[in-house]
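**Student:** Chains as they are written, first to last, in UniProt numbering: chain R, 1 to 448; chain Y, 1 to 378. For glycine and all other residues, C-beta sits at the position ideal for the given N, C-alpha and C.
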Amino acid sequence: MSRPPKEVHLAAHFPGVNNTTVWSDPAAGSHIEFESFARFARTAERAKFDFLFLAEGLRLREQGGQIYDLDVMGRPDTFAVLAALSAVTERLGLAGTINSTFNEPFEVARQFATLDHLSGGRAAWNVVTSWDAFTGENFRRGGFLAEADRYTRAERFLRAAWTLFDSWRGDEILADKASGRFLTTPSPGAFAVHDDHFDIAGHFTVPRGPQGRPVIFQAGDSDSGREFAAATADAIFSRHGTLEAGQAFYADVKARLARHGRTPDSLKVLPAATFVLGDTDADAREQAAVVRRQQVSGQTAIRLLEQVWNRDLSAYDPDGSLPDIDPLVGESHIAQGRASVRMNRDPLAVAKQWRELASAKKLSIRDLMIEVSARQTFVGSPATVARVINDLVQADASDGFILVPHITPGGLDAFAETVVPLLQERGVFRTEYTGTTLRHHLGLGAAP
Amino acid sequence: MTPVLPHLAVALDGAGWHPAAWREPDARPTELFTARYWTELAREAERGFLDFVTFEDSFSLQSTQDGRVDRVRGRLDASLIAAAVAPRTTGIGLVPTVIATHTEPFHVSKAIASLDYASSGRAGYRMRISAQPHEFAHVGRREAGEVADLLDEAADHVEVVRRLWDSWEDDAEIRDAATGRFVDRDRLHHIDFAGRWFSVRGPSITPRPPQGQPPVVALAHAAPVYRLAVRAADVVLVTPRDPAHAEETVAQVRAEETGRAAPVHVFGELVVFLGATAADRLARLDELDGTPFTSDAAVFAGTPNDLVDLLTELCAAGLTGFRLRPGVLPDDLVAITRELVPRLRARGMFRRGYTERTLRDRLGLVRPASRYAQAGAE
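(1) So the beta strand (DSSP E) Y:T97 belongs to, where does it begin and stop?
(2) Less than 8 Å between CB atoms is the rule here; does Y:R187 satisfy it with respect to chain R?
(3) For R:L348, does the count of other Cβ atoms within 10 angstroms reach 16, so buried, or fall short, so exposed?
(4) One question on the structure: do Y:L76 and Y:F136 come within less than 8 Å of each other, judged by their Cβ atoms?
(5) Quick check on Y:H134 - is its C-beta less than 8 Å from some C-beta in chain R?
(6) Identify each residue in the segment 106 to 133 of chain R for which the Cβ-Cβ distance to at least one residue of chain Y is less than 9 Å, and report them in chain order.
(7) If you run the structure through DSSP and keep just helix, strand and coil, what is Y:E378?
(8) Determine the contact status of R:S373 and R:V269, defining contact as a CB-CB distance below 8 Å.
(9) Among residues of its own chain, excluding the 5 on either side of residue 457 of chain R, which ones have a beta-carbon nearer than 6 Å to its beta-carbon?
(10) Inspect the CB distances between the segment 388 to 406 of chain R and the segment 349 to 359 of chain R and report whether three or more fall short of 8 Å.
(11) Please list, in chain order, the chain Y residues whose beta carbon lies closer than 9 Å to that of R:G57.
(12) Which word fits R:H203, buried or exposed, when buried means at least 16 other C-beta atoms lie within 10 angstroms of its C-beta?
(13) Is the shortest distance between the beta-carbon of Y:F293 and the beta-carbons of chain B less than 8 Å?
(14) Using DSSP with H/G/I as helix, E/B as strand and the rest coil, what is R:K6?
(15) Closest to R:L164 by C-alpha separation, out of R:H194, R:T185, R:A178 and R:T436, would be which residue?
(16) Run down chain Y in chain order and give the residues with a C-beta less than 7 Å from the C-beta of R:I67.
(17) Rounded to a whole number of angstroms, what is the C-alpha to C-alpha distance between Y:G195 and Y:D152?
(18) Which chain R residues are close to Y:L115, counting only those with a beta carbon under 7 Å from its beta carbon?
(19) Does the CB of Y:G259 have a neighbour CB from chain R at under 8 Å?
(20) Under a three-way DSSP split, which group does Y:Q62 fall into?
(21) Smallest Cα separation from R:E107: which of R:G443, R:G246, R:L357 and R:T205?
(22) What are the partner residues of R:G65, as DSSP defines its beta bridges?
(23) Are the C-beta atoms of R:N138 and some chain Y residue less than 8 Å apart?
(24) Leaving out five residues before and five after Y:V160 in sequence, what residues of the same chain have Cβ atoms less than 6 Å from its Cβ?
(25) Just to confirm the assignment, what range does the beta strand (DSSP E) spanning R:S36 have?
(26) Can you give me, in chain order, the residues of the segment 191 to 203 of chain R that have a beta carbon less than 7 Å from any beta carbon in chain Y?
(27) For Y:Y125, name the three-state secondary structure that DSSP assigns.
(28) Out of R:S100, R:A80, R:A245 and R:A301, which has the shortest C-alpha to C-alpha gap to Y:V108?
(29) Helix, strand or coil for Y:E356? Go by DSSP, reduced to three states.
(30) Between Y:A9 and chain R, is the shortest Cβ-Cβ distance under 8 Å, so that the two count as touching?
(31) In three-state terms, what does DSSP make of R:L82?
(32) By alpha-carbon positions, which one of Y:P6, Y:D26 and Y:H7 ends up nearest to Y:D332?
(33) On the CB-based measure, 16 or more other CB atoms within 10 Å of its CB, does R:T263 come out buried or exposed?
(34) What does a CB cutoff of less than 7 Å around R:L313 pick up in its chain, not counting 5 residues either side in sequence?
(35) Under 8 Å between the Cβ atoms of Y:V264 and Y:V299?
(36) If you follow the alpha helix (DSSP H) that R:L304 is in, where does it begin and where does it stop?
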């Protein structure tokens with residue numbers, strides 16, 4: 001027990017476009033007005049969080065050929081919101097997902113380098129790649145990518161962006177009025193990338209930002225996703241928030257780093273986590289049950305079931321029992337634009353398992369969907385949640401958490417006011433920012 | 001006859017439009033890549049109650065071929081500058097430049113809509129094309145095309161941006177607890193644009209912006225471009241040499257207006273060096289740079305009183321406003337807000353404060369209903 005306690009890293013995920021976010025609650029505010037984002041960011045900064053995170057989705061989801069209408073939907077442009085938030089915060093990291101399929105490296109690098117300048121070194125990029133033609137219909141580029149190519153595309157894209165970020169080394173601008181020298185070199189920003197995905201060359205337009213390169217996030221979970229993260233990322237946005245799964249994932253990705261010449265602390269593992277707080281653990285559990293019913297309305301339960309059954313179940317009663325008919329197995333799928341659909345690889349097996357569960361526990365469709373889609377990571381009093389978070393971090397199940405509140409924009413307030421001070425008392429979470437850049441907050445070294 | 005009250009916009013670029021502007025005593029060349037620099041300039045424009053500021057942008061570095069080290073190189077993305085300025089200003093319109101040629105209309109539409117949310121209805125954008133082969137090489141997807149094609153493509157780009165703004169009707173978000181529905185999907189619309197250059201399905205992921213249709217601005221130097229500018233924009237920027245040329249230009253622009261619901265604004269572009277010794281100052285800057293300053297727009301170097309006279313004449317020629325390009329920042333911007341504007345006011349030619357809530361309102365543009373609102377369910 002000689003090792004000093006690890007520092008906990010905390011981030012705030014702006015509530016997403018899915019049924020984790022509860023819009024029917026009286027406290028639920030706008031998901032699109034800038035003031036919601038500003039308020040959320042200010043709370044995160046007051047609590048000394050490492051960063052705020054914005055997800056991205058580039059096509060409205062559809063189910064059964066119609067726009068999915070039960071969840072919160074509609075979101076602003078990631079870059080515009082992060083740039084605007086840089087004006088109402090001073091230290092908070094500003095992280096966003098930007099797709100590498102429906103963009104070009106030159107433009108994305110311009111935008112992230114700009115965000116890094118405007119924010120004084122607080123930009124972070126979660127690199128994702130999609131390959132579906134459904135989303136591609138919104139873009140002049142279209143959905144051209146084969147699924148197998150997605151990590152190659154992401155890797156080439158990221159390396160091309162790095163080449164652009166590094167094309168200015170930071171010593172090009174002199175701006176000396178007396179001598180009349182603005183530049184130390186007549187032709188800064190020269191770059192060239194020629195590979196199987198990109199054929200670009202010229203001069204990059206944005207001087208080197210305060211961080212050099214933005215902090216890089218990865219969210220992949222497959223073997224190639226983990227390998228990509230180990231090779232390129234500064235942090236992983238993981239889905240393994242429990243002790244055993246978290247430890248296994250943590251050990252796996254950290255072990256991969258050495259192969260890439262990297263040290264274990266150069267990659268932070270940050271699972272997403274939801275939470276419900278109460279005065280006591282019992283209060284929190286009671287409240288958590290209420291939240292789950294808000295998240296899974298009767299209508300939502302039917303639609304979630306349809307995503308596995310892959311057929312129209314609108315005639316079924318959510319308070320009744322599961323359908324006798326089996327899921328439709330085939331190429332086309334009832335739901336489009338959802339990452340989670342991919343996870344139901346074997347719908348017949350899932351249906352069998354769910355029927356057994358429903359039968360054993362006497363669950364209605366809605367009860368079952370609440371049971372199987374529960375996403376509540378931390379439920380308890382502030383003291384319990386602070387202890388659990390710290391235990392998970394000290395046990396190497398993670399380096400911290402990206403918290404996903406279910407209410408916009410006030411869902412982070414109670415956590416900031418009650419749990420954060422307890423982590424600070426334990427000496428595992430900062431009481432003041434000690435640096436100005438996100439790389440500093442995350443304990444990462446300077447970019448190469 | 002009621003005198004026409006001109007609208008006044010200011011074009012912000014680097015340290016000012018003169019290449020030696022960064023060497024002036026009050027210039028801040030080390031701050032060109034900070035949010036504070038742009039925010040303070042926008043606030044100065046706001047202090048004069050100007051209509052809007054534009055932020056220049058380009059997909060290429062200012063020049064890499066001339067071997068010079070005495071001019072400003074490098075710039076930030078204009079849309080992000082505007083977004084960073086939005087929360088720190090309250091009245092000024094924010095109009096970043098967007099390069100249609102190399103961007104996705106889907107991204108541009110939501111970026112400007114989001115700027116409109118962040119600024120509570122003060123967003124617009126200036127559409128431009130990129131025709132330089134080396135800019136195409138930065139993106140690498142295709143070879144540079146004919147300018148006429150690029151203009152046509154840009155007009156389609158704006159059409160898609162505008163349709164996407166309308167793809168959510170204003171009241172699409174219903175939050176109906178009884179039926180569990182967050183939106184009424186009958187008020188969301190696929191735009192199904194299919195043109196010569198690209199197709200886009202829609203709807204947008206971003207709800208309709210506060211202004212419904214943020215104003216679109218386009219600069220045009222010649223008759224064929226006027227047609228496309230009138231087709232795409234709410235404000236056409238033109239470059240008259242003098243009042244007579246302005247009259248001719250306005251007539252050419254107006255001739256393209258058939259079929260438009262409302263007339264476009266026609267703003268004159270002027271590079272301005274203001275003050276009692278402006279001509280000397282310009283000569284000194286030219287000497288520092290080693291080349292006489294030239295521009296696509298007319299260059300004015302003189303006193304604020306003389307500029308008031310010129311603007312009055314240009315208004316009489318039919319221009320509805322001006323986009324002034326300050327030769328030196330902040331000097332010539334400050335001269336606009338603190339010397340020129342008070343003189344315009346003294347003649348009853350300029351507002352004394354902001355009364356309208358949005359940039360559209362200020363430009364006298366009605367807020368249109370979504371084009372899909374009457375179409376009903378698809």
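**Tutor:** In terms of the structure at hand:
(1) G93 to I99
(2) no
(3) exposed
(4) no
(5) yes
(6) F106, E107, R110, Q111, A113, T114, L115, H117, L118, S119 and G120
(7) With a pLDDT of 43 at Y:E378, under the threshold of 50, the modelled position of this residue cannot be trusted; read the value that follows with caution. In this structure, Y:E378 counts as coil in the three-state DSSP scheme.
(8) no
(9) As displayed, chain R neither begins before 1 nor continues past 448, which places residue 457 of chain R out of reach and without an answer.
(10) no
(11) I205
(12) buried
(13) Within the model displayed, chain B is absent; protein chains R and Y are what it includes.
(14) coil
(15) R:H194
(16) R185 and L188
(17) 10 Å
(18) A80
(19) no
(20) coil
(21) R:T205
(22) In the DSSP output, where bridge partners are listed per residue, R:G65 has none listed.
(23) yes
(24) P105, F193 and V200
(25) No beta strand (DSSP E) holds R:S36; the alpha helix (DSSP H) holding it covers F34 to R46.
(26) F198, D199, I200, A201, G202 and H203
(27) strand
(28) R:A80
(29) coil
(30) no
(31) helix
(32) Y:D26
(33) exposed
(34) I302, L305, E306 and P323
(35) no
(36) G298 to W309
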